[in-house]
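Colleague:
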Amino acid sequence: MTNEKKKEFTLKITEANSSQMIVVLYDITLEYIGEAYQAKDEEAFLNAVNNAKRCIVELKKSARINTELGANYYSLYTYFYKQMSRAIASNKIECLEICEKLITSLRETWIEVAKKDCQDPIMSNSEKLYAGYTYNKNSINENSSAFNNRGFLV
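Position 88, counted from 1, in the sequence shown is what the working numbering calls 815; the numbers after and before it change by one each time, with no gaps.
#1: In angstroms with no decimal places, state the Cα-to-Cα distance between leucine 757 and leucine 829.
#2: Let's see if you can read the secondary structure: which residues bound the alpha helix (DSSP H) around arginine 781?
#3: If you compare alpha carbons, which of Tyr804, Ser745 and Ile755 is closest to lysine 733?
#4: Sorted by chain position, which residues of the same chain lie with C-beta nearer than 7 Å to tyrosine 764's C-beta, five sequence neighbours on each side aside?
#5: Only counting the same chain, and skipping five residues up and downstream in sequence, which positions put a Cβ closer than 8 Å to that of glutamate 785?
#6: What separation, rounded to the nearest whole angstrom, lies between the Cα atoms of leucine 833 and alanine 841?
#7: Which full runs of the alpha helix (DSSP H) of 4+ residues lie inside the region 815-841, going along the chain?
#8: Tell me, please, whether the region 808-819 touches the region 758-777 by the rule of three or more beta-carbon pairs shorter than 8 Å.
#9: Would you mind stating whether asparagine 778 and tyrosine 759 have Cβ atoms separated by less than 9 Å?
#10: Which first and last residues belong to the alpha helix (DSSP H) in which threonine 737 is found?
#11: What's the call for alanine 771, buried or exposed, on a 16-neighbour Cβ count within 10 Å?
#12: What does the alpha-carbon distance come out to for the pair cysteine 782 and alanine 743?
#13: Just to confirm, is the Cβ distance from isoleucine 792 to glutamine 810 under 9 Å?
#14: I want to check one thing, is the minimum distance from the CB of threonine 741 to the heavy atoms of the ligand MG below 8 Å?
#15: Run the CB neighbour count on lysine 788, radius 10 Å, all protein chains shown included, and call it buried at 16 or more, exposed below.
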């Protein structure tokens with residue numbers, strides 16, 4: 728993953744509430760699956776799929792298995808994890824295709840949920856980033872707010 732993509736995802740994470748965080752995890756997973764498709768060698772393929780598997784582990788942790796819906800999501804995430812493990816074992820990309828289709832479908836559903844979720848961001852003590860055309864009309868400049876109170880409050 729490029730450094731620019733990492734910065735983009737980091738910004739999304741700092742501003743996301745719990746529903747939006749699920750969407751970000753889906754986005755990161757799909758990004759790694761895309762990297763697996765484009766991998767030139769076996770090592771790059773393994774790294775990309777293992778990174779996608781780590782995202783699936785985080786999604787499994789977020790599923791509330793004490794509810795029927797949460798248990799269903801947990802089962803889906805377990806299926807994704809197994810398919811990704813099969814992709815690594817067989818070194819075949821076909822195992823990832825079904826995961827990509829289902830994750831894309833789930834992502835669309837969670838986008839709708841996130842639109843209706845009015846919770847505050849999970850990270851309440853992060854700095855705000857403002858982007859705009861300042862001093863240069865051809866590029867976007869980003870400025871962080873003067874934030875004197877980062878970290879834990881005692």
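We put the beta carbon where it would ideally sit given N, CA and C, even for glycine.
Modeller: Looking at the coordinates:
#1: C-alpha separation (whole angstroms): 11 Å.
#2: Per DSSP, the unbroken alpha helix (DSSP H) holding arginine 781 starts and ends at 769-789.
#3: Here the closest residue by C-alpha is Ile755.
#4: So the list reads Ile820, once near-sequence residues are dropped.
#5: Same-chain partners within the cutoff: Leu752.
#6: Looking at the two C-alpha atoms, the distance is approximately 12 Å.
#7: Correct list: empty.
#8: Yes, they touch.
#9: Yes, the pair counts as a contact, with Cβ atoms nearer than the cut-off.
#10: Where threonine 737 is concerned, the enclosing alpha helix (DSSP H) stretches over 730-742.
#11: Only exposed fits alanine 771, as fewer than 16 other CB atoms lie within 10 angstroms of its CB.
#12: C-alpha separation (whole angstroms): 16 Å.
#13: Cβ atoms of isoleucine 792 and glutamine 810: not closer than 9 Å.
#14: The ligand MG is not among the ligands present in this structure, which contains no ligands whatsoever.
#15: With fewer than 16 Cβ atoms within 10 Å of its Cβ, lysine 788 is classed as exposed.
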